[in-house]
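Encoded as structure tokens, the structure appears first; notes follow it.
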């Protein structure tokens, strides 16, 4: 069985994977990961887990040509504003790593797949999320 | 409250010194600054030491072991790339509070090679190249591309910033490099993280810088001829922004700090004659033209296109060569840029002197984020 790559990626049994945000019921701010206090409006005990959207728009990006040793390049590091709120960062796949081919605000969907074959020291495989252009 | 003055300030030539130690580099800068002030360690009442790489290793005390153990309080601090500015500001605060009349601030760093940064370490598997990139060139590229989406800023405009700063550094003997880099060379250099090529990334170097800060009473006693008045000293952290968790914010903390610094100094951006700002990447410098109010929002590209930020232009930026060519020893940078501005206000900057410089501004950003801004005035 594969593990989620981050704790805000949820793999419920028999259901589709999804990304989980934590939303402040007072001001509507959305965070990744649980917390006790809202860092925007300082409300306490106002944070609730919510399912994040599965589509969004490309807000910003960089095309990475040099990374740490052993990391395959190039890849597109993308920041995506999700429909319904929340911003997440991940790899944009299914798109040429060429600024001419990448447009701000292009619609993308969140897809879930194996984490590029990466395994931890115990041999566990992982599920990650990726962004894919919606044509 | 007493005004606070920089009486002595200096930096070592930035470079690669693998055979030396962090305290050794810091000690050299401390002695240079003490000599510049005409004082010795016996005159210092407190010592604020900034270093990042050995933040848990009592660097300040080890510097005193090399230059004189007088028993004064030593405060070691680390605040990412704002570490040097933090040490300097703590020194300023102590004099403002009336605790001391003469204090020493040192920033020092010995750097490794290669990319800085990382993405979501900890348990499981490496996240770099899986959940985007946490490398610094990519993080600052994404910040620059946010400007591109808003204003159509181009790769060429970002690259021109690197051309400018490398040109400036040819006139700075203490910079790591003194090499011209024409536009084609910058744009055709190895692409690290689009739009930042290798020549648009700051240089990892070893370095140290130091300053002796004094109260007004002490400045008058010791001689005002080369003293520089600290008109404003401000630090901020990053106020909440909706994309914080995936996009470290260098803009809002800079805007907040700049507004507070101008208010504290009773000045506005049109009064400033030169700026040393945090060009850790060419994309970052572009953002800070607007963040520091050197132009209106959306005009940063025009500023570099029209040469307004070059030596001889309306508001010269990073005449030292900046982090891009002078180099960026993380903990030293915040005091090295104060050295640069003071050198111009003293009229001692030689070939790169900004004519008739009376007011200068320094700015650093520690990602995560901390912003430090100082406004300095010729006496």
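Chains as they are written, first to last, in our numbering: chain A, 12 to 146; chain B, 534 to 912. Beta carbons: idealized from backbone N, C-alpha and C, even for Gly. Every value quoted in this text rests on a predicted model; they were computed, and no experiment measured them.
Within chain B, partners of residue 14 of chain A - CB distance below 8 Å
Position 3 of the first chain, counting from 1, holds the residue named residue 14 of chain A. 657, listed in chain order.
Given that residue 130 of chain A touches chain B, what residues does it touch there, using C-beta distances under 8 Å?
Mapped onto the first chain, residue 130 of chain A falls at position 119. Within chain B, 658 have C-beta atoms less than 8 Å from the C-beta of residue 130 of chain A, given in sequence order.
Any idea what DSSP makes of residue 670 of chain B, helix, strand or coil?
Sequence index remark: in the second chain, residue 670 of chain B carries index 137 (1-based). In the three-state scheme derived from DSSP, where H, G and I count as helix and E and B as strand, residue 670 of chain B is classed as helix.
One or two residues paired with residue 814 of chain B in a DSSP bridge
Looking up residue 814 of chain B in the second chain gives position 281. DSSP, once it has assigned bridges, lists B:734 as partnering residue 814 of chain B.
Outcome for residue 771 of chain B when other beta-carbon atoms lying within 10 angstroms are tallied against a minimum of 16
The count along the second chain starts at 1 and reaches residue 771 of chain B at position 238. Residue environment for residue 771 of chain B: buried (at least 16 other C-beta atoms within 10 angstroms of its C-beta).
Unbroken stretches of the alpha helix (DSSP H), 4 residues or longer, contained in the stretch 677-716 of chain B
As far as the stretch 677-716 of chain B is concerned, its whole alpha helix (DSSP H) runs of at least 4 residues are 688-702.
Helix or strand or just coil, what does DSSP make of residue 895 of chain B?
Numbered from 1 along the second chain, position 362 holds the residue referred to as residue 895 of chain B. Looking at residue 895 of chain B - three-state DSSP - the assignment turns out to be strand.
Considering only residues of the same chain and omitting the five flanking positions on each side of residue 824 of chain B, which have a CB-CB separation below 6 Å?
If you number the second chain from 1, residue 824 of chain B lands on position 291. The answer, listed in chain order, is 784, 787 and 788.
When the cut-off is 8 Å and only beta carbons count, does residue 42 of chain A lie next to chain B?
For the purposes of this step, residue 42 of chain A is taken as residue 31 along the first chain, with counting starting at 1. It does: the Cβ of residue 42 of chain A has a partner Cβ on chain B nearer than 8 Å.
For residue 609 of chain B, three-class secondary structure by DSSP
By 1-based counting over the second chain, the position of residue 609 of chain B is 76. Correct three-state label for residue 609 of chain B: strand.
Residue range of the alpha helix (DSSP H) that residue 79 of chain A falls in?
Sequence index remark: in the first chain, residue 79 of chain A carries index 68 (1-based). Residue 79 of chain A: not part of any alpha helix (DSSP H); DSSP gives it neither H nor E.
Give the secondary structure of residue 128 of chain A by DSSP, where H, G and I count as helix, E and B as strand, and everything else as coil.
Within the first chain, residue 128 of chain A is the residue found at index 117, counting from 1. Strand at residue 128 of chain A.
Quick one: which residues of the stretch 661-691 of chain B get their C-beta closer than 7 Å to a C-beta of chain A? List them in chain order.
For the stretch 661-691 of chain B, which is checked against every Cβ of chain A, the residues closer than 7 Å are 661, 662, 663, 664, 665, 666, 668, 671, 674, 675, 678, 679 and 682.
Output needed in chain order: residues of the stretch 90-109 of chain A with a Cβ under 7 Å from some Cβ in chain B.
Per Cβ criterion, the list reads 90, 98, 99, 100, 101 and 102.
Take the Cβ of residue 782 of chain B as the centre, count every other Cβ of all protein chains shown within 10 Å, and call the residue buried at 16 or more, exposed below.
As a working note, residue 782 of chain B is residue 249 in the second chain. A residue is called buried when at least 16 other Cβ atoms come within 10 angstroms of its Cβ; residue 782 of chain B meets this threshold and is buried.
From this set, B:633, B:601 and B:573, which residue's C-alpha is nearest residue 747 of chain B's C-alpha?
Start at 1 with the first residue of the second chain, and residue 747 of chain B comes out as number 214. Of the candidates B:633, B:601 and B:573, the one whose C-alpha sits nearest the C-alpha of residue 747 of chain B is B:633.
Is residue 652 of chain B helix, strand or coil when you go by DSSP?
As a first step, residue 652 of chain B is located in the second chain; it is residue number 119 there, counting from the start. Bear in mind that the predicted position of residue 652 of chain B carries a pLDDT of just 48, short of 50, making it unreliable; the figure below should be weighed with that in mind. Note: residue 652 of chain B maps to coil in three-state DSSP.
List, in chain order, every chain B residue whose beta-carbon is nearer than 7 Å to that of residue 83 of chain A.
Along the first chain, read from residue 1 onward, the residue named residue 83 of chain A stands at position 72. Near residue 83 of chain A (Cβ distances below 7 Å), the residues of chain B are 662.
Leaving out five residues before and five after residue 856 of chain B in sequence, what residues of the same chain have Cβ atoms less than 6 Å from its Cβ?
On the second chain, residue 856 of chain B is found 323 positions in, with the first residue counted as 1. Hits under 6 Å: 735, 812 and 813.
For residue 47 of chain A, decide whether its Cβ has a neighbour in chain B, counting only Cβ atoms nearer than 8 Å.
Taking the first residue of the first chain as 1, we reach residue 47 of chain A at position 36. When Cβ-Cβ separations below 8 Å define contact, residue 47 of chain A makes no contact with chain B.
Residue 892 of chain B: which of B:884, B:636, B:581 and B:800 sits nearest, CA to CA?
As a position in the second chain, residue 892 of chain B is number 359, starting the count at 1. It is B:800.
Sorted by chain position, which residues of the same chain lie with C-beta nearer than 6 Å to residue 741 of chain B's C-beta, five sequence neighbours on each side aside?
Residue 741 of chain B sits at position 208 when you count from the first residue of the second chain. Excluding sequence neighbours, residue 741 of chain B sits near 545, 558, 559, 562, 641 and 865.
If you drop the 5 nearest sequence neighbours on each side, which residues of the same chain put their C-beta closer than 7 Å to that of residue 875 of chain B?
Counting from 1 along the second chain, the entry for residue 875 of chain B is found at position 342. So the qualifying residues of the chain are 539, 542, 761 and 909.
Using the beta-carbon count (16 or more within 10 Å), is residue 45 of chain A buried or exposed?
Locating residue 45 of chain A in the first chain gives position 34, where the first residue counts as 1. Residue 45 of chain A comes out exposed.
Just the Cα atoms here: how many angstroms apart are residue 757 of chain B and residue 584 of chain B?
Residue numbering aside, residue 757 of chain B sits at position 224 when the second chain is read from its first letter. Residue numbering aside, residue 584 of chain B sits at position 51 when the second chain is read from its first letter. Rounded to the nearest angstrom, the two C-alpha atoms are 30 Å apart.
Per-residue DSSP class, three states only, for residue 585 of chain B:
Walking along the second chain from the start, residue 585 of chain B turns up at place 52. Under the three-state reduction of DSSP output, residue 585 of chain B falls in the coil class, being neither helix nor strand.
Could you pull the start and end residues of the alpha helix (DSSP H) that residue 639 of chain B belongs to?
Within the second chain, the letter at position 106 stands for residue 639 of chain B. Run containing residue 639 of chain B: none in the alpha helix (DSSP H); it sits in the beta strand (DSSP E), 635-642.
Is there a Cβ of chain B sitting closer than 8 Å to that of residue 22 of chain A, yes or no?
As a first step, residue 22 of chain A is located in the first chain; it is residue number 11 there, counting from the start. Not an interface residue.
What do you get for residue 612 of chain B, buried or exposed, if any count of 16 or more other CB atoms within 10 angstroms of its CB means buried?
The sequence position of residue 612 of chain B within the second chain is 79, counting from 1. Counting other Cβ atoms within 10 Å of its Cβ, residue 612 of chain B reaches 16 or more and is therefore classed as buried.
Given a threshold of 16 other Cβ atoms within 10 Å of its Cβ, counted over all protein chains shown, does residue 145 of chain A qualify as buried or as exposed?
Walking along the first chain from the start, residue 145 of chain A turns up at place 134. Flag for residue 145 of chain A reads exposed.
Excluding five sequence neighbours on each side, which residues of the same chain lie with their C-beta closer than 8 Å to the C-beta of residue 749 of chain B?
By 1-based counting over the second chain, the position of residue 749 of chain B is 216. The answer, listed in chain order, is 535, 536, 537 and 538.
Name, in chain order, the residues that DSSP records as bridge partners for residue 15 of chain A.
Against the first chain, residue 15 of chain A aligns to sequence position 4. According to DSSP, residue 15 of chain A bridges with A:138.
Using a Cβ cut-off of 9 Å, pull out every chain B residue sitting near residue 77 of chain A, in sequence order please.
Here residue 77 of chain A refers to the residue found at position 66 when the first chain is read from its first residue. 648, 668, 670, 723, 724, 725, 726 and 731, listed in chain order.
So what's residue 741 of chain B in DSSP terms, helix, strand or just coil?
Stepping through the second chain from its first residue, residue 741 of chain B is reached at position 208. Residue 741 of chain B: strand per DSSP, three-state reduction.
Drop a sphere of 10 angstroms on the beta-carbon of residue 652 of chain B, count the other beta-carbons inside from all chains shown, and report buried for 16 or more, exposed for fewer.
Translated into the one-based positions of the second chain, residue 652 of chain B becomes position 119. Residue placement at residue 652 of chain B is flagged as unreliable, the pLDDT there being 48, under the threshold of 50; a coordinate-derived value is accordingly withheld.
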